[in-house]
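One structure is given here, and the rest of the page talks about it.
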DNA sequence: GCATCTTGCTAACTGCAGCAAGCATACTGT
DNA sequence: ACAGTATGCTTGCTGCAGTTAGCAAGATGC
């Protein structure tokens, strides 16, 4: 975990907590986690799960996504060339108007256009 | 964890894996996790961390956000079904990895699956 | 037929997330 | 002064995430 401001979850948590004028114990109680554990997270000694991050976001009255970004679970800005490839696949797979077979055909065709490795043929 | 399709991570993972025509071991290897663990996740016996979900998304070539939604770490996109059709078209049009010709082929194919009227060629 | 490989799973194990109990220090009220 | 409270942290513990070693069954090639 690099100590850069963007990815420093603990530092960000401490900053948000202080901005909300909450003690470590108050935030821990509001979030439903133990205060020693919160202390360890803020000091970068422990690495919390997504559920703990959700609980902390709730206690801080901020979005969980913000904490996921600092924890490295989400990208800050989703734009970018490589992300677009994932969007097409994601959109096809999520489309309720397509049958499974149609979905497979579209995905295969897309893969043949974009990938070096097409999907395995049955 | 309710067994509804929206929140059933294991079922969703298995479905995506089968759609991608990967064996359990192939996906585990592509994702960099152990195959018994993947088996346990698919059967709902274990609850993976965000990092494992990221790795699985990478192995499946889908967005991690989709898996977070199924794992209950993110809310699903609040827009409705009609939006899905726009998403696939939008995603294809915006994809920088596709040539104009490939884009046209994909859009026409999609339209033939979903619409009665194929896209008019420009 | 047999040998080999693939597949999904079981069982035992290790490391760490997250907790409870409690410490040391600072602050407040009498 | 002292007692009580608040604060952030230390320590030891438990449960579970995630792994390795290996099993049973099915598939494949000779």
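Chains as they are written, first to last, in my numbering: chain A, 124 to 245; chain B, 124 to 245.
Beta carbons: idealized from backbone N, C-alpha and C, even for Gly.
Remember, it's a predicted structure, so these values are computed and weren't measured experimentally.
- Comparing alpha-carbon positions, the option among 143/B, 135/B and 133/B lying closest to residue 227/A turns out to be 143/B.
- Residue 182/A and residue 150/A have their C-alpha atoms roughly 6 Å apart.
- The alpha-carbon separation between residue 212/B and residue 175/B amounts to approximately 30 Å.
- In this structure residue 230/A does not touch residue 232/B by the C-beta definition: roughly 11 Å separates them, more than the 8 Å allowed.
- A buried status is given to residue 136/A, since no fewer than 16 other beta-carbon atoms sit within 10 Å of its beta-carbon.
- The alpha-carbon separation between residue 177/B and residue 196/B amounts to approximately 12 Å.
- In this structure, the beta-carbon distance from residue 214/A to residue 194/B does not fall below 8 Å.
- Under the three-state reduction of DSSP, residue 149/A is assigned to helix.
- Under the three-state reduction of DSSP, residue 168/B is assigned to coil, being neither helix nor strand.
- Rounded to whole angstroms, the separation of the alpha carbons of residue 148/A and residue 221/A is 51 Å.
- Nearest CB-CB separation between residue 163/B and chain A: not below the 8 Å threshold.
- Our two residues, residue 153/A and residue 219/B, have alpha carbons roughly 45 Å apart in a direct line.
- Residue 220/B sits in coil when the DSSP states are folded into three classes, being neither helix nor strand.
- The beta carbon of residue 134/A is closer than 6 Å to none in its chain, skipping five residues each way along the sequence.
- For residue 157/A, none of the residues of chain B pass the 8 Å Cβ criterion, the least Cβ distance being about 19 Å.
- In the three-state reduction of the DSSP assignment, residue 184/B falls in the coil class, being assigned neither a helical nor a strand state.
- Here residue 169/A is near residue 160/A, since their CB atoms are less than 8 Å apart.
- With 16 or more neighbouring CB atoms inside 10 Å of its own CB, residue 139/B falls in the buried class.
- Your pair residue 180/B and residue 186/B checks out as a contact, with CB atoms roughly 6 Å apart and the cut at 8 Å.
- If you draw a straight line from the Cα of residue 158/B to the Cα of residue 165/B, it comes to about 11 Å.
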